[in-house]
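So the structure is just underneath, and the comments pick up after that.
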Amino acid sequence: TAIGQAAASSPYAGTSEADPFWELMPSLLNSRFPSIQEDQLQRVAGMVRHAVNPSALLLDDDIIQDPFRPHDEIHAYMPGLGPTKPFTIPANWLSVRN
17 TAIGQAAASS
27 PYAGTSEADP
37 FWELMPSLLN
47 SRFPSIQEDQ
57 LQRVAGMVRH
67 AVNPSALLLD
77 DDIIQDPFRP
87 HDEIHAYMPG
97 LGPTKPFTIP
107 ANWLSVRN
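Note that this note's numbering has the sequence shown beginning at 17, numbered continuously upward.
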């Protein structure tokens with residue numbers, strides 16, 4: 017599966033240092049979502065690849081070019097989400113307008 021391949025991309029896969037959680041992830045997802053299609057797991061697999069080996073995953077160019085996103089400090093990443101936008105727009109804050 018895409019999730020299993022992503023978990024196996026860890027440099028620790030198959031060693032005693034591997035985190036067993038990532039090895040369980042495919043069966044956990046399958047038990048909760050038995051009818052999910054493999055193509056629906058690609059973004060989740062990207063997140064798993066980044067979690068188990070952050071230095072191996074190439075980030076989308078829009079993340080790297082964004083001066084407000086310190087891409088060398090990203091702790092979680094899910095590819096294919098599209099353009100980013102701030103959670104809040106400071107100009108909408110009453111204190112900023114006054």
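Don't be surprised by glycine CBs; every beta carbon is placed ideally from N, CA and C.
Remember, it's a predicted structure, so these values are computed and weren't measured experimentally.
So for residue i, helix, strand or coil by DSSP?
i     : result
Pro42 : helix
Ser47 : helix
Ile52 : coil
Gly20 : helix
Pro27 : coil
Let me check understanding here. Comparing Cα to Cα, which of the options lies closest to residue i?
i     : options                         : result
Ile90 : Ile80, Leu97, Trp109 and Ala107 : Ile80
Does any residue of chain D bring its CB to less than 9 Å from the CB of residue i?
i     : result
Pro99 : This model lacks chain D altogether, as it is built from one protein chain only.
Requested in this report: List in chain order: all unbroken alpha helix (DSSP H) runs of 4+ residues lying wholly within the stretch 58-98.
Outcome: 58-68 and 77-81
Query raised in the report: Are the stretch 26-40 and the stretch 63-80 touching, with three or more C-beta to C-beta distances below 8 Å?
Result: yes
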